[in-house]
Structures are given as structure tokens and as C-alpha cells.
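Enquirer: For the first sequence, my numbering assigns the number 110 to the initial residue and increments by one for each residue that follows.
Glycine is no exception: its CB is placed at the ideal position from the N, C-alpha and C atoms.
I have a structure here, written as C-alpha cells, and I will follow up with some questions on it.
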Amino acid sequence: MSWTDERVELLKKMWGEGQSASQIAKELGGVTRNAVIGKVHRLGLSNRSTGATPAKAEAKAKPAEPAKPQAAAKPKAEAKPEAAPRPASEPKPAAPAPAPVETRPALPARKQIIPAGQPLPPQPSANEISPEALAKVSEVEKKAKRLTLMELTERTCKWPVGDPATDDFWFCGLPVQPGKPYCEAHVGVAFQPMSARRDRRR
DNA sequence: CCCTGATTCGC
DNA sequence: GCGAATCAGG
Numbered sequence: 110m111s112w113t114d115e116r117v118e119l120l121k122k123m124w125g126e127g128q129s130a131s132q133i134a135k136e137l138g139g140v141t142r143n144a145v146i147g148k149v150h151r152l153g154l155s156n157r158s159t160g161a162t163p164a165k166a167e168a169k170a171k172p173a174e175p176a177k178p179q180a181a182a183k184p185k186a187e188a189k190p191e192a193a194p195r196p197a198s199e200p201k202p203a204a205p206a207p208a209p210v211e212t213r214p215a216l217p218a219r220k221q222i223i224p225a226g227q228p229l230p231p232q233p234s235a236n237e238i239s240p241e242a243l244a245k246v247s248e249v250e251k252k253a254k255r256l257t258l259m260e261l262t263e264r265t266c267k268w269p270v271g272d273p274a275t276d277d278f279w280f281c282g283l284p285v286q287p288g289k290p291y292c293e294a295h296v297g298v299a300f301q302p303m304s305a306r307r308d309r310r311r
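In C-alpha cells, the structure reads:
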């Protein structure tokens, strides 16, 4: 595989979005994360804010470096005068403010209805799950890796989010709970202590 | 352990 | 220019 314009484009885009090198590599295919990182550096787009290991590329002491001109600061005239903003923040589609958990009624009322306008997929329903757990879930979904089916591994949370029939579908992808298929938050709602299961009596 | 990015250096 | 190997941090 070679770095075609399109591939570089996608690389830039994803890197800009804060995607990790490995994720970008998976997306591109045919390259390893090393290749991606190498390219990123060659392209000059290195440090994003604080991803994981920033400080150290700068604090470099050159002991035996006589002269290192390295004329940086390229005037680089803007070839695109029109408005083509490069939002550092990804466009958040819709962020329906989740129900705050702050309110602590004396009596734990199990209301907390899932704000679904459409019938949800066979997702483990939230019947008798503690509002705590639910809140935690909606909270964690903000930090989800949003993996595709192919990106799931033995240790990525396989909790599905969204409607499989639409684009807005992905898997949590956060680190799983040891021995479980889901991350901590999702384990919380996935495995219920089997309670009211006796409606069906004969 | 699994993940991240950074750097080096032979190709 | 490329990227595996290696390094280093979380």
C-alpha cells in the first residue's frame, strides 16, 4: 500500500479527530500503526493536544549538536481564503442531555425511561436496572471508541450502540471487564441479578 | 498486560 | 519516503 492522496487525506482527518494511530491503521488497512505514526511525523502533523505521550518530543537536549539551523516557520500563504474552518472539535450530531443523576430522592423510584422514539434493537432492555448504572452507561458512551464490528477484539467492549440499520451504529470498544464481553459500565446493565423474572407462572 | 505515540535507521 | 523495531509512558 502506498500513501495516496486519499489515504493521506483520511489519515489527516482521523488524526485530527483524535483517533489513535492504530485505529487509523485499521481503517486504512494495509498499514500498521507504525506506518501511520511515521507518516504523521513526516507530514509534520505531530502533537495533538494531550493524547498519551506528548511531552518529550520537545524537551530534547542536543549535547553534541553543533548547529541545527532547521529553518522552521514557513510563511505558508493560505491558499484557501474562503471559510473552511478546521474545527478541532468534531461535530457533535445530537447530544440529548441525559437525565442528571444529581437528584437523590429519598425513595429510589425506577423511572428512567430510555428516550427512544423508535423501537430499539434487541438490546438488553433496561427494566430493573439502577438509574446509577444507566447514567453511567450514557456517560461512558461519550468516551466510547465507537468501533466497527471488525475492530472488536477479545478485550474491547462489545456493547452495541444505536440502530444497526443506520450509520449511527457502533460498538463501545472500551476495555472490557476481565472475563466479560463488556466494559464495566455495560456489564452493569448487561448482567442483572435476575430479579423479577417470575411474571410467567404456570 | 494492553494500549499509546516517538524515534531510529536500514532499505 | 517508508515503516519495522525499538523505546518510553500510561
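Specify the secondary structure class of Val145 as computed by DSSP and reduced to three states.
Expert: Sequence index remark: in the first sequence, residue 145 carries index 36 (1-based). The answer is helix: DSSP assigns Val145 an H, G or I state.
Enquirer: Just the C-alpha distance for Lys252 and Thr113, rounded to the nearest angstrom, thanks.
Expert: As a first step, residue 252 must be located in the first sequence, where it is residue number 143. As a first step, residue 113 must be located in the first sequence, where it is residue number 4. Distance between the alpha carbons of Lys252 and Thr113: 31 Å.
Enquirer: Please work out which residues of its chain come closer than 7 Å, Cβ to Cβ, to Val154, disregarding the five sequence neighbours upstream and downstream, and give them in chain order.
Expert: Counting from one through the first sequence, the residue named residue 154 turns up at place 45. In the sequence under discussion, the amino acid at residue 154 is Leu, which differs from the Val named in the question. Result list for Leu154: Lys121 and Trp124, in chain order.
Enquirer: Across which residues does DSSP place Val270 in a beta bridge pair?
Expert: Reading the first sequence from its first residue, position 161 is the one you call residue 270. Val270 pairs with Trp279.
Enquirer: Rounded to a whole number of angstroms, what is the C-alpha to C-alpha distance between Asn143 and Lys289?
Expert: Counting from 1 along the first sequence, the entry for residue 143 is found at position 34. Counting from 1 along the first sequence, the entry for residue 289 is found at position 180. Cα to Cα, the separation comes out at about 30 Å.
Enquirer: For a test of the three-state rule: what should DSSP assign to Pro240, helix, strand or coil?
Expert: Taking the first sequence and counting its residues from 1, the one referred to as residue 240 is at position 131. Helix, per DSSP.
Enquirer: Taking all protein chains shown into account, do 16 or more other C-beta atoms lie within 10 angstroms of the C-beta of His295, making it buried, or fewer, making it exposed?
Expert: Your numbering for residue 295 matches position 186 in the first sequence. Looking at its Cβ environment, which holds 16 or more other Cβ atoms inside 10 Å, His295 is buried.
Enquirer: Starting from Gly297, trace the alpha helix (DSSP H) both ways and give me its first and last residue.
Expert: Position 188 of the first sequence, counting from 1, holds the residue named residue 297. First-last of the alpha helix (DSSP H) with Gly297: Glu293 to Ala299.
Enquirer: For Leu319, does the three-state DSSP call read helix, strand or coil?
Expert: Given that the chain is displayed from residue 110 to residue 311, the structure contains no residue 319 and the question cannot be resolved.
Enquirer: Measuring CA to CA, which of Ala134, Ala242 and Glu115 is closest to Met259?
Expert: Within the first sequence, the letter at position 150 stands for residue 259. For Met259, the nearest C-alpha among the options comes from Ala134.
Enquirer: Note down, in chain order, each residue of its chain lying with its Cβ closer than 7 Å to the Cβ of Lys148, except the 5 sequence neighbours on either side.
Expert: Here residue 148 is taken as the residue at index 39 of the first sequence, counted from 1. Taken in chain order, the residues that qualify are Trp112 and Leu120.
Enquirer: So is Leu137 buried or exposed if we call it buried at 16+ other beta carbons inside 10 Å?
Expert: For the purposes of this step, residue 137 is taken as residue 28 along the first sequence, with counting starting at 1. Result: buried.
Enquirer: Are the Cβ atoms of Thr262 and Leu283 separated by less than 9 Å?
Expert: Here residue 262 is taken as the residue at index 153 of the first sequence, counted from 1. Here residue 283 is taken as the residue at index 174 of the first sequence, counted from 1. Taking 9 Å as the Cβ cut-off, Thr262 and Leu283 do not qualify as a contacting pair.
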